[in-house]
Amino acid sequence: MSPPLSFAGKVVLVTGAGGGLGREYALAFGERGASVVVNDLGGDIKGGGKSSAAADKVVEEIRAKGGKAVANYDSVEDGEKLIQTALEAFGRIDIVINNAGILRDRSFGRTSDQDWDLIHRVHLRGSFQVTRAAWNHMKNQKFGRIIMTASAAGIYGNFGQGNYSAAKLGLLGLSNTLAIEGRKYNIHCNTIAPTAGSRLTETVMPPDLLESLKAEYVAPLVLWLCHEQCQENGSLFEVGAGWIGKLRWERTQGAILRHKDQPMTPESVRDRWDQICDFADATKPANIQESLQTLVEVLSKVDEGQGLRANRTSGVASSA
Ligand code: NAI
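Residues 1 to 320 (full-length UniProt numbering) are what the sequence shown spells out, left to right.
Next comes the structure, spelled out in structure tokens:
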């Protein structure tokens, strides 16, 4: 059997690690030899208040098991300060888990500017600030592992979570680009959409479900994605209840609705709607080059006078 995964010598920052999922990640990294920065603002679930107690408790738990940990109580909006704590305590930063989060659920029409802004500041801007502060250190050492925390609410939508859904899928877009920019420096960025019982979900889940969806069933994926052996980059996973699945984009073959030297009309869109939306023979474009390549092919088909279905795109690359 291959040896257990060790994080000895690695420095990990887990944001929002005073409770819930973040605490579980921090404990798991600590148990496997990492030096852990336990960040938590210690406020309430709506983003109000602050306290050092939550982070301190997790630091004590890690130390009690013989691990190395320090606390940081700043908001993720002050990303530089969090990374500074890692550098001062341990001299480097290898792994960043963007996990801190709050909720301000409202049906869309009742969403205030504050409900929108606070959610974006903590989830999206906070992850940006923290990750940017770590980025050059990771580049210089040619190693980095970053996790973004999205949500099923972002992937699928969820009533009353317009602000949260938007911020959470914004993180996926950021992660996709960081995966591309980081690749040549051995910086990998992946996104998870976890489900676990926590104070964030206790109002929406029945108590028995809350109890059985343990945060400890999410941590192993986070640890694997952050290990130096793991080559996964730019991916999205749903994880919970002891199950892990990977997601990707799927695209219909679509339809070309334009004929050379003729106008394109909304009626032609209506008349071909079934074909546009037909997922039979769907393709799975994996990058922007494959996406653009389709359009190049469409242009040449229209030029040749073929108002037909678009060609398959898989496996075709362009230098665009
Ligand atoms: P939690 O409320 O138990 O943990 C979040 C932690 O973040 C709290 O300890 C809180 O004090 C901290 N925090 C909040 N704002 C902060 C800030 N500005 N700076 C630093 N720390 C801050 O919630 P849970 O469930 O563990 O959530 C963790 C992450 O997972 C969040 O990003 C959440 O949106 C996401 N998530 C959780 C799901 C679940 O089923 N529990 C579902 C989908 C996503």
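C-beta atoms are modelled at their ideal positions from N, C-alpha and C, and glycine is treated no differently.
These figures come from a predicted structure and were not determined experimentally.
Give the single residue among the options whose Cα lies nearest to the Cα of residue i.
| i | options | result |
| --- | --- | --- |
| L5 | V11, A26, E31 | E31 |
| A55 | S75, V96, S127, E216 | S75 |
| K139 | Q129, G182, Q293, G47 | G182 |
| L247 | I288, K50, A255, T191 | T191 |
| G43 | L87, Y73, Q229, F90 | Y73 |
| W249 | T201, F237, L257 | F237 |
| E232 | Q129, I180, D117 | I180 |
| G144 | R199, L200, Q289, T131 | T131 |
| G245 | L221, R251, C226 | L221 |
| E88 | G48, A53, V36 | V36 |
| G9 | A280, S112, E228 | E228 |
| S112 | W135, L295, Q161, E290 | Q161 |
| W243 | V204, A133, W273, S212 | S212 |
| A64 | L27, A86, L210 | L27 |
| F7 | W116, E80, L225 | L225 |
Taking the straight line between their C-alpha atoms, what separation do you get for residue i and residue j?
| i | j | result |
| --- | --- | --- |
| M148 | Q262 | 46 Å |
| L13 | G101 | 15 Å |
| A71 | L82 | 9 Å |
| A17 | T283 | 39 Å |
| S268 | E297 | 20 Å |
| G22 | A286 | 30 Å |
| G126 | G305 | 51 Å |
| P206 | K214 | 14 Å |
| L41 | Q293 | 46 Å |
| K57 | K68 | 13 Å |
| G20 | Q84 | 24 Å |
| G109 | S165 | 15 Å |
| Q114 | Q275 | 42 Å |
| S319 | H120 | The predicted model places S319 with a pLDDT of 34, which falls under 50 and marks its position as unreliable, so this point remains unresolved. |
| Y156 | E216 | 24 Å |
| V59 | V122 | 22 Å |
| A53 | W273 | 57 Å |
| W135 | M1 | 35 Å |
| A86 | A133 | 11 Å |
| F279 | D208 | 38 Å |
| G197 | A34 | 25 Å |
| Q289 | V239 | 29 Å |
| residue 322 | C189 | Any question about residue 322 goes unanswered here, given that the chain covers just 1 to 320. |
| L79 | G66 | One detail in the question is off: residue 79 reads as Gly in this sequence, not Leu. Rounded to whole angstroms, G79 to G66 spans 28 Å at the Cα level. |
| P3 | K184 | 27 Å |
| D281 | G173 | 26 Å |
| F29 | S51 | 23 Å |
| L295 | W116 | 36 Å |
| N158 | P266 | 31 Å |
Can residue i and residue j be called in contact, C-beta distance under 9 Å?
| i | j | result |
| --- | --- | --- |
| H137 | I97 | no |
| L223 | Y25 | yes |
| A153 | K142 | no |
| T195 | A255 | no |
| N163 | R106 | yes |
| V11 | F90 | yes |
| A193 | A150 | yes |
| T146 | I62 | Looking at the sequence itself, residue 146 is Ile, so the reference to Thr does not match. No. |
| T252 | C230 | no |
| T177 | N99 | no |
| V302 | K260 | yes |
Contact check, residue i vs residue j under 8 Å by CB: the rounded distance?
| i | j | result |
| --- | --- | --- |
| T234 | S175 | According to the sequence provided, residue 234 is Gly. The question's Thr does not apply to it. Between S175 and G234 the Cβ distance is about 7 Å, and since that is below 8 Å, they are a contact. |
| L124 | I45 | With 8 Å as the limit, L124 and I45 do not qualify as a contact, their Cβ atoms being about 18 Å apart. |
| R270 | M264 | In fact, because the Cβ distance is near 12 Å, the residues do not count as touching under 8 Å. |
| Q129 | E202 | Not confirmed; about 28 Å, so no contact. |
| L118 | G47 | 5 Å |
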